[in-house]
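Working notes, beginning with the structure itself.
Written as structure tokens, this is what we have:
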């Protein structure tokens with residue numbers, strides 16, 4: 011194992027993203043253009059437009075021109091020449107594995123789909139009879155299935171069309187009946203099928219019968235049938251098994267002639283029928299496990315983009331050509347790229363909350379998207395964990411909502427593992443390299459993971475990606491050793507390329523030089539990120555440095571010392587006085603001092619740039635007139651809140667927002683131990699140790715047993731033992747003469763005193779140095795209150811969400827709580843005038859204006875809906891008032 015540890019350097023975590031797009035540039039585009047090899051040349055060229063930093067600052071796109079040399083020969087145009095054609099502006103991937111579109115980084119998520127090939131699986135009818143089917147799954151194009159019914163008749167099923175006897179389909183492909191029977195191992199199994207239809211058919215007769223069964227409302231002709239079969243299975247532009255699919259088909263059927271055609275062949279269909287009949291006659295053939303990773307394939311970024319390009323026709327159909335521009339549709343690729351990167355489900359807004367969130371987003375695998383699963387119809391089986399995930403897909407880290415089990419994280423290594431028990435050493439093919447090779451990056455950063463429950467480990471993995479960058483970041487005392495690899499591969503830390511001397515350092519750049527020969531020095535520099543905005547409105551900043559359900563009680567020291575303080579930056583905005591109601595603004599767009607303002611007056615005039623839309627006719631007209639100078643903007647001026655008026659005494663504008671820790675913020679550890687800050691106590695009121703040192707944070711001990719995340723206790727004790735220099739608390743007690751360090755009856759715990767009374771607590775308390783994260787779920791973004799607001803047009807109930815000025819939802823459990831307290835009038839008020847009692851809430855509003863008592867509530871609209879639904883079931887319900 012020593013040899014493995016020395017040679018087992020971790021690869022770059024972003025190699026899959028960069029390598030896939032490099033393959034697309036070098037091979038993918040060429041493969042698509044190879045369909046027109048008589049026209050398109052052999053070399054591709056591109057020219058860079060703008061660097062990445064300018065694309066972000068100017069809300070542009072990081073792209074380059076795709077230039078293809080085209081050779082055209084035309085007798086009508088008297089032309090025989092080669093010239094370069096600019097097909098489109100191709101978005102490029104940055105060195106960090108992202109695409110920059112309209113100034114925002116985006117990520118192409120890898121998609122895991124069914125691998126093309128042939129599959130054999132069982133199926134059951136309503137009576138429980140078991141039959142089998144063989145299905146051809148293509149990379150793109152139609153699907154074909156051969157299936158048997160309970161009578162033993164074999165049918166061919168093309169897409170969602172009607173089923174036809176398999177003998178008719180094979181004879182339409184050109185086989186004679188003698189050839190079909192001679193190729194089968196069990197030809198007698200085909201007798202039930204031959205009884206269904208006349209089996210002495212020529213190829214043309216079989217085609218006519220096939221078309222009449224598939225399309226009974228259309229006239230069947232031989233020409234139309236041949237064209238249908240060619241386009242469905244033999245046209246490489248419409249059907250392809252891909253290289254992997256063709257290899258799997260040849261291996262499954264043990265075909266002697268290793269054909270390399272990517273389309274379906276008649277021999278494939280005949281071999282599939284023989285394979286199905288052998289399985290029906292009891293031969294021990296292994297059924298395919300569709301959830302096994304050998305039957306699934308990761309569709310990387312290059313394949314996702316390539317499939318989208320293949321759906322369009324780059325060249326126009328041959329016909330009358332008015333000019334050379336009408337031959338090649340250069341606008342097709344541009345629209346394809348714009349549509350894919352802007353609206354495709356796999357092109358996502360990159361998560362930049364912290365470096366771990368960024369690298370995890372780039373290594374994500376999704377079963378959703380075009381050609382994938384639907385999360386509303388995906389069952390529990392496809393969401394489960396398969397043994398083949400070991401070493402390839404992390405079984406722990408996955409979302410907790412509707413996407414649970416449909417979105418994965420790739421593990422540390424891509425090794426094939428075969429576990430053998432009671433085997434000799436010669437029969438073992440592979441060995442486990444390290445204990446963390448089956449985990450994702452976020453999961454492998456959790457120390458003492460083996461002591462945590464799997465659900466809490468999942469929460470800890472997800473909440474590490476939600477931690478915001480603090481004003482003064484600290485490294486954990488206990489780590490797993492992979493923290494440096496994450497920041498290195500994502501580009502969050504700038505590493506020296508070679509041994510150099512630092513000559514100049516400031517907040518924006520680092521200059522260094524390397525002695526080469528004699529007095530010659532190689533001078534270079536590195537630019538630093540200085541307070542840039544991320545996609546999640548957090549602050550991205552580089553510091554130049556040279557090195558070799560519980561409530562949480564915190565101390566006010568964490569607030570005053572900015573221990574959990576973070577900086578947040580909103581989007582790019584410009585101050586101006588060119589807005590509506592600007593009579594009180596100066597030339598810089600800021601309200602003048604001494605002005606009397608009322609509710610709704612503009613205090614600061616702001617406009618925010620918006621992404622350009624080439625599809626808008628008005629935008630195209632303005633660009634044609636002003637030469638592309640006009641940009642889309644949105645007015646985001648800051649106005650005085652309703653109900654407030656007064657005179658302006660002073661004006662202070664802040665672009666950056668410093669958010670200190672406050673009550674309601676969410677904090678968490680790395681073991682799924684999350685909580686909300688419930689109170690911030692003065693330092694003198696916080697519990698303190700026997701040495702007089704006050705604690706910074708108090709956690710509820712009841713949060714450990716029920717959640718079974720004991721790893722946080724191990725982390726606490728290991729860090730506190732390191733803090734006392736010595737490895738064991740008992741040795742620390744002997745050497746430092748501090749008896750409170752180690753109690754024989756409660757090892758690892760200490761006597762803690764109440765800061766308010768000075769008395770010690772009844773039981774010893776575990777004290778340590780856990781690593782606590784401040785999550786992005788801040789109370790300033792969550793807190794919301796509603797007095798009145800919009801209502802839904804359909805249900806007449808208040809809308810939900812802070813952005814819509816919605817109200818709090820009164821769910822089933824909240825109703826139970828009010829019923830338990832006996833608050834009948836409060837419950838009636840919440841379910842009627844505060845919900846969907848239209849008449850009652852209008853009367854209550856008028857009563858509050860007039861200052862009179864609130865009227866009695868009426869009948870809510872939801873109750874009327876219930877009455878209508880019951881009447882739809884022929885149950886007549888009427889409402890009557892009963893006087894007791």
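In our numbering, the protein residues as written are 11 to 894. Ideal Cβ placement from N, Cα and C applies to all residues, glycine included. Since we're looking at a predicted model, the values are computed, not measured.
- Taking the C-beta atoms as reference points, residue 148 is found nearer than 8 angstroms to residue 249.
- Between the alpha carbons of residue 270 and residue 188 lies a distance of about 27 angstroms.
- Annotated as distal: residue 462 and residue 710, with beta-carbon spacing of 8 angstroms or more.
- The C-beta of residue 254 has fewer than 16 other C-beta atoms within 10 Å across all chains shown, which makes the residue exposed.
- Burial check for residue 409: the Cβ neighbour count within 10 Å stays below 16, so the residue is exposed.
- Counting C-beta atoms within 10 angstroms of its own C-beta, residue 177 has 16 or more neighbours from the protein chains shown and is therefore classed as buried.
- Between residue 687 and residue 564 the beta-carbon gap is near 6 angstroms, inside 8 angstroms, which marks them as a contact.
- Listed in chain order, the alpha helix (DSSP H) elements of length 4 or more contained wholly in the region 469 to 514 are 493 to 500.
- Going by DSSP, residue 260 is part of no beta strand (DSSP E) but of the alpha helix (DSSP H) stretching over 252 to 263.
- Setting aside the 5 residues that flank it on each side, residue 412 is surrounded in the same chain by 385, 386, each with a C-beta closer than 8 angstroms to its C-beta; the list follows chain order.
- In the structure shown, the three-state DSSP call for residue 167 is strand.
- Take residue 236, set aside five residues on each side of it, and the residues of its chain with a beta-carbon closer than 7 angstroms to its own are 217, in chain order.
- Per DSSP, residue 762 has no beta bridge partner at all.
- Between residue 518 and residue 540, the C-beta gap is smaller than 8 angstroms, which places the two residues in contact.
- At the C-beta level, residue 362 and residue 548 come within 8 angstroms of one another.
- Nearest C-alpha to residue 380 among 122, 104, 881, 831: 122.
- A distance of 8 angstroms or more separates the beta carbons of residue 114 and residue 347.
- Separation of residue 590 and residue 618 (C-alpha to C-alpha, rounded to the nearest whole angstrom) is 15 angstroms.
- Looking at the DSSP output, residue 595 bridges to 601.
- Take residue 512, set aside five residues on each side of it, and the residues of its chain with a beta-carbon closer than 8 angstroms to its own are 520, 521, 522, 556, in chain order.
- Of the candidates 343, 756, 835, 566, 756 places its Cα closest to the Cα of residue 772.
- Distance from the CA atom of residue 104 to the CA atom of residue 298, rounded to whole angstroms, is 40 angstroms.
- Assignment of residue 784 by DSSP, reduced to helix, strand and coil, places it in the strand class.
- Annotated three-state conformation of residue 576 is strand, per DSSP.
- Put simply, the backbone Cα of residue 499 is about 21 angstroms away from that of residue 543.
- The beta carbons of residue 376 and residue 404 sit no closer together than 8 angstroms.
- Between the alpha carbons of residue 223 and residue 287 lies a gap of roughly 24 angstroms.
- Listed in chain order, the non-local C-beta contacts of residue 689 below 7 angstroms within the same chain comprise 563, 673, local neighbours out to five positions each way being set aside.
- Taking a cut-off of 8 angstroms on C-beta distances, the region 565 to 572 does not touch the region 472 to 479, as fewer than three cross pairs fall below it.
- Per DSSP, residue 141 is not a residue of any alpha helix (DSSP H); the beta strand (DSSP E) it occupies stretches across 140 to 147.
- Beta-bridge analysis with DSSP links residue 696 to no other residue.
- For residue 129, DSSP records a beta bridge to 145.
- Beta-bridge annotation (DSSP): residue 94 is paired with 79.
- Less than 8 angstroms separates the beta-carbon of residue 655 from that of residue 608.
- Look at residue 686 here: in three-state DSSP terms it is strand.
- In this structure residue 457 touches residue 490 by the C-beta definition: roughly 6 angstroms separates them, less than 8 angstroms.
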